[in-house]
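Engineer: Residue numbers (the UniProt record's numbering): 1 to 602. Glycine residues also receive a C-beta, built at the ideal position from the N, C-alpha and C atoms. Sharing a structure here in structure tokens format.
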């Protein structure tokens with residue numbers, strides 16, 4: 001479907017505009033080319049990664065490097081790279097899809113792959129000069145060279161712009177000398193190129209540099225020992241020390257002081273790709289768990305037949321389904337926005353930058369939601385395996401350890417929660433998303449007399465879509481009230497920002513699951529999509545609970561007296577179903593479907 005300007009919602013607008021199911025992209029919309037790509041990547045994962053799990057867990061760094069080279073030979077490192085620089089030049093959805101299906105064998109390879117293709121290569125394709133791109137990108141795209149990204153320092157983590165690493169211009173103006181220390185650098189042990197962020201003189205913002213690294217001629221670069229980590233054990237993670245490292249002046253990336261902007265935009269892309277990298281892990285965890293639960297008997301019954309286990313299988317499936325739905329929805333929005341900008345005459349570089357930046361809110365939402373869901377899935381996976389789940393002999397233990405990092409890197413989930421709401425407020429101030437009008441309308445509705453008509457909810461999802469609208473009103477009421485009270489000082493009230501973010505996240509994820517299912521019901525039938533309908537309803541039910549809890553927490557913390565009473569009444573109205581779904585039945589249906597197929601099958 002050809003997208004045009006008026007059809008594509010801008011980033012964050014999902015909150016104030018209704019989205020038709022026909023306008024969302026779903027995994028069922030993959031083109032023939034994308035389906036072939038998916039199968040090719042899955043086959044690679046099954047052949048090159050999964051059988052060697054024990055070696056990855058035993059910190060076989062050489063194996064990670066070797067499999068990365070094989071991924072390069074297959075073209076998987078070059079999916080997002082334009083053809084002009086030796087890449088496949090495929091669209092953003094294909095990039096996300098590759099990341100999704102290549103990442104579930106082990107978190108070690110997933111981390112190496114993500115660091116190289118995302119934050120290692122992408123800054124050059126997006127910000128590099130023509131000469132820089134011609135020189136470096138083909139080597140990175142083919143896997144001849146690997147990239148690393150040096151941003152974090154001992155004193156600069158979430159506050160990325162506070163780094164102490166310095167870059168000093170030489171007297172002849174031809175080169176810079178870099179001095180400083182970086183830590184937690186993925187791929188450091190086998191990279192040939194680093195994107196390094198340093199401060200020139202007393203600049204307010206850091207600057208990015210492309211720094212070549214050759215172990216035989218280290219140029220003042222010293223690598224620390226491999227870090228011993230809870231998970232992702234065979235991903236190379238080291239400290240990197242720069243001692244008078246000489247970098248040609250032409251290796252500055254973008255302009256002086258542009259480094260912070262590069263870092264933030266590279267992380268936006270990294271965030272949606274990190275969400276994608278958690279998806280197939282969830283599918284695989286569920287498939288492994290259901291296989292075990294069907295074989296394991298207690299009290300002469302397969303444990304998969306017990307209600308307590310069905311709860312877990314159903315909840316794991318619903319979370320994975322919502323994560324998939326939301327990730328591919330956003331990926332296609334980004335792809336369409338890129339295409340629009342290219343059609344308007346932007347360079348690919350500019351179009352991709354602006355396309356991803358437009359949906360930075362959604363990227364943060366996805367990063368948080370999917371990284372937390374994969375951790376929950378792995379945790380429940382261990383529980384289903386019981387004592388065996390705690391043993392290194394079963395795959396759940398390493399899945400749980402590998403999942404833990406996803407809530408930390410690419411910006412912690414706390415930072416991303418605050419970013420999502422902060423960016424939304426900024427967009428509203430700039431007039432890119434009209435929050436003020438809808439927020440005032442909600443205020444007026446609260447003052448008015450509620451309607452006591454009984455709506456006709458006979459059509460599929462009519463009540464669920466009405467609930468989504470009401471949850472959006474809840475966000476506008478809570479966030480609007482907080483903005484009114486604190487204005488620009490809202491960013492000092494982190495607990496309120498985080499609560500508002502949780503409401504925002506649940507709205508986007510639940511709506512995505514409902515729209516995907518509605519679209520597929522129209523293509524097939526309610527009968528064929530029966531388990532998907534159950535998952536969308538189950539996910540929404542939990543979302544409503546979370547919105548109610550976070551809404552109440554916020555209202556009683558910033559409002560008082562009549563205003564508080566009025567808002568709490570509004571919250572009650574906005575989170576009340578006319579007809580509650582039968583949660584037990586929904587879970588049974590989903591679990592039975594997963595058991596029958598012996599895997600995540602949606």
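Could you tell me the distance, in whole angstroms, from the CA atom of residue 30 to the CA atom of residue 508?
Structural biologist: Here residue 30 refers to the residue found at position 30 when the chain shown is read from its first residue. Here residue 508 refers to the residue found at position 508 when the chain shown is read from its first residue. Roughly 21 Å separates the two Cα atoms.
Engineer: Please go through the same chain and pick out, in chain order, the residues whose beta-carbon is closer than 6 Å to the beta-carbon of residue 605, but skip the five residues on each side of it.
Structural biologist: No statement about residue 605 is possible, as the shown extent of the chain runs from 1 to 602 and does not include it.
Engineer: To the nearest angstrom, report how far apart residue 320 and residue 282 are at their CA atoms.
Structural biologist: The sequence position of residue 320 within the chain shown is 320, counting from 1. The sequence position of residue 282 within the chain shown is 282, counting from 1. The straight-line gap from Cα to Cα measures roughly 6 Å.
Engineer: What residue from 288, 211, 524, 151 has the CA that sits closest to residue 599's CA?
Structural biologist: Position 599 of the chain shown, counted from the first residue, corresponds to residue 599. The residue among 288, 211, 524, 151 with its C-alpha nearest the C-alpha of residue 599 is 288.
Engineer: Where do the ends of the alpha helix (DSSP H) carrying residue 525 lie?
Structural biologist: Reading the chain shown from its first residue, position 525 is the one you call residue 525. First-last for residue 525: undefined, no H or E at that position.
Engineer: DSSP state of residue 271, grouped into three classes?
Structural biologist: Locating residue 271 in the chain shown gives position 271, where the first residue counts as 1. Three-state result, residue 271: helix.
Engineer: Residue 387 to residue 397, Cα distance in whole Å?
Structural biologist: As a first step, residue 387 is located in the chain shown; it is residue number 387 there, counting from the start. As a first step, residue 397 is located in the chain shown; it is residue number 397 there, counting from the start. Distance between the alpha carbons of residue 387 and residue 397: 11 Å.
Engineer: So, are the CB atoms of residue 199 and residue 148 less than 8 Å apart?
Structural biologist: Reading the chain shown from its first residue, position 199 is the one you call residue 199. Reading the chain shown from its first residue, position 148 is the one you call residue 148. Contact: no.
Engineer: Who are the Cβ neighbours of residue 534 in its own chain at under 6 Å, not counting the five residues just before and after it?
Structural biologist: As a working mapping, residue 534 is identified with position 534 in the chain shown. 586, 589, 590, listed in sequence order.
Engineer: What does a CB cutoff of less than 6 Å around residue 473 pick up in its chain, not counting 5 residues either side in sequence?
Structural biologist: Translated into positions along the chain shown, residue 473 becomes position 473. 442, 574, listed in sequence order.
Engineer: Under the three-state reduction of DSSP, which class applies to residue 182: helix, strand or coil?
Structural biologist: Taking the chain shown and counting its residues from 1, one reaches residue 182 at position 182. Strand, per DSSP.
Engineer: In the DSSP assignment, find the unbroken alpha helix (DSSP H) run with residue 395 in it and report its ends.
Structural biologist: The count along the chain shown starts at 1 and reaches residue 395 at position 395. Counting along the chain, the alpha helix (DSSP H) containing residue 395 begins and ends at 395 to 404.
Engineer: Could you pull the DSSP bridge partners for residue 366 from this structure?
Structural biologist: One-based indexing of the chain shown puts residue 366 at position 366. Answer is none; residue 366 lacks a bridge partner.
Engineer: Using a Cβ distance threshold of 8 Å, determine whether the segment 203 to 215 contacts the segment 254 to 263, with at least three qualifying pairs required.
Structural biologist: yes
Engineer: For residue 242, which of 425, 236, 464, 188 has the nearest alpha-carbon?
Structural biologist: Position 242 of the chain shown, counted from the first residue, corresponds to residue 242. Selected option, being the one with the closest Cα: 188.
Engineer: Any idea what DSSP makes of residue 167, helix, strand or coil?
Structural biologist: To locate residue 167, count along the chain shown from 1; it is residue 167. Here residue 167 sits in strand by DSSP.
Engineer: Under three-state DSSP, which class holds residue 45?
Structural biologist: What you label residue 45 is simply residue 45 of the chain shown in a count that begins at 1. In the structure shown, residue 45 sits in a helix (DSSP, three-state: H, G or I).
Engineer: I'd like to know whether the C-beta atoms of residue 345 and residue 249 end up nearer to each other than 8 Å.
Structural biologist: Counting from 1 along the chain shown, the entry for residue 345 is found at position 345. Counting from 1 along the chain shown, the entry for residue 249 is found at position 249. No, these two residues do not count as a Cβ contact at 8 Å.
Engineer: What does DSSP give as the partner residue(s) for residue 150 in the beta ladder?
Structural biologist: Translated into positions along the chain shown, residue 150 becomes position 150. Answer by DSSP bridge pairing, in chain order: 196.
Engineer: For the candidate residues 224, 267, 220, 165, whose alpha-carbon lies nearest to that of residue 244?
Structural biologist: In the chain shown, residue 244 corresponds to position 244, counting from 1. Selected option, being the one with the closest Cα: 220.
Engineer: Look up residue 302 in the DSSP assignment and say whether it is helix, strand or coil.
Structural biologist: For the purposes of this step, residue 302 is identified with residue 302 of the chain shown, where counting begins at 1. Reduced to three states, the DSSP call for residue 302 is strand.
Engineer: In angstroms, rounded to a whole number, what distance separates the CA positions of residue 366 and residue 571?
Structural biologist: Taking the first residue of the chain shown as position 1, residue 366 is located at position 366. Taking the first residue of the chain shown as position 1, residue 571 is located at position 571. So the two alpha carbons sit approximately 25 Å from each other.
Engineer: Check whether the segment 333 to 343 touches the segment 309 to 324, taking contact to mean three or more Cβ pairs, one atom from each stretch, closer than 8 Å.
Structural biologist: no
Engineer: Counting only runs that start and end within the segment 60 to 97, where is the alpha helix (DSSP H) found for 4 or more residues in a row?
Structural biologist: 61 to 73
Engineer: If contacts are defined as beta-carbon pairs under 8 Å, then residue 420 and residue 476 qualify, I think. What distance do you get, rounded to the angstrom?
Structural biologist: Walking along the chain shown from the start, residue 420 turns up at place 420. Walking along the chain shown from the start, residue 476 turns up at place 476. Residue 420 to residue 476, Cβ: 15 Å. No contact.
Engineer: Thinking C-alpha only, which one of 251, 136, 275 is nearest residue 111?
Structural biologist: What you label residue 111 is simply residue 111 of the chain shown in a count that begins at 1. It is 275.
Engineer: Just to confirm the assignment, what range does the alpha helix (DSSP H) spanning residue 564 have?
Structural biologist: Start at 1 with the first residue of the chain shown, and residue 564 comes out as number 564. Residue 564 -> alpha helix (DSSP H) spans 561 to 574.
Engineer: Between which two residues does the beta strand (DSSP E) containing residue 239 stretch?
Structural biologist: Residue numbering aside, residue 239 sits at position 239 when the chain shown is read from its first letter. First-last of the beta strand (DSSP E) with residue 239: 237 to 248.
Engineer: Nearest CA to the CA of residue 62: which residue from 24, 86, 109, 20?
Structural biologist: Position 62 of the chain shown, counting from 1, holds the residue named residue 62. Residue 109 is the option with its Cα nearest to residue 62.
Engineer: Looking at the structure shown, is residue 222 part of a helix, part of a strand, or coil, going by DSSP?
Structural biologist: Walking along the chain shown from the start, residue 222 turns up at place 222. Note: residue 222 maps to strand in three-state DSSP.
Engineer: For residue 358, collect the residues of the same chain with a Cβ closer than 7 Å to its Cβ; drop the 5 residues on either side in sequence, then sort them by chain order.
Structural biologist: Here residue 358 refers to the residue found at position 358 of the chain shown. Excluding its 5 nearest sequence neighbours in each direction, residue 358 has C-beta neighbours in its own chain below 7 Å: 10, 11, 337, listed in chain order.
Engineer: Within the same chain, show all residues whose beta-carbon is closer than 8 Å to that of residue 85, passing over the 5 residues directly before and after it, in chain order.
Structural biologist: By one-based count along the chain shown, residue 85 stands at place 85. Cβ contact annotation for residue 85 (same chain, cutoff 8 Å, sequence separation greater than five): 125, 133, 134, 137, 138, 141, in chain order.
Engineer: Which residues share a DSSP beta bridge with residue 175?
Structural biologist: The residue you call residue 175 lines up with position 175 of the chain shown. Its beta-bridge partners are 248.
Engineer: Is residue 78 near residue 87, with beta carbons less than 8 Å apart?
Structural biologist: What you label residue 78 is simply residue 78 of the chain shown in a count that begins at 1. What you label residue 87 is simply residue 87 of the chain shown in a count that begins at 1. Yes, these two residues count as a Cβ contact at 8 Å.
Engineer: Who are residue 604's beta bridge partners in DSSP?
Structural biologist: Not covered by the structure: residue 604. The range shown for the chain is 1 to 602.
Engineer: For the segment 425 to 437 against the segment 501 to 520, do three or more pairs of beta-carbon atoms, one drawn from each stretch, fall closer than 8 Å, so that the two count as touching?
Structural biologist: no
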